[in-house]
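Residue numbers (our numbering): 420 to 552.
We treat Cβ as the ideally placed atom computed from N, Cα and C, and that holds for glycine.
What follows is a set of notes on a single structure, which appears directly below.
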């Protein structure tokens, strides 16, 4: 076995660490532990009173302590998207980047952060009707 000259050879790259942190952030915000423990259904169903047909439901309204699997995954995705947007906003302040890349990072970061905020507010309004009105 070759001898390692320094610990630098064992250190993972910063991008790998960032990717692992983002993936773990997604798992935590998506409620994967809740999904494993409680085993909720992927989607629910609600009977239409007029036609009698069952309509699929991806959010549990009025249930703050429960979720469907797709509800958690979509919420976790948009939380993570907002986090990536904030990282891109931070990268847009780097003076070593060209102006083009800084503007692209700024535009993408703003778009991701605003989109994530707006969709999460829609999720809150679906989950808690009448909240903040």
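Residue 466 carries a strand assignment under DSSP once its states are collapsed to helix, strand and coil. Taking the Cβ atoms as the reference, residue 449 lies roughly 5 Å from residue 491, within the contact range of under 8 Å.
If you draw a straight line from the Cα of residue 431 to the Cα of residue 527, it is about 27 Å long. Residue 523 and residue 468 have their alpha carbons spaced roughly 49 Å apart. At a Cβ-Cβ threshold of 8 Å, residue 539 and residue 497 count as neighbours. In the three-state reduction of the DSSP assignment, residue 433 falls in the helix class. Under the Cβ criterion (8 Å, minimum of three pairs), the stretch 499-516 counts as touching the stretch 440-458. Within the DSSP bridge table, the entry for residue 474 names 465 as partners.
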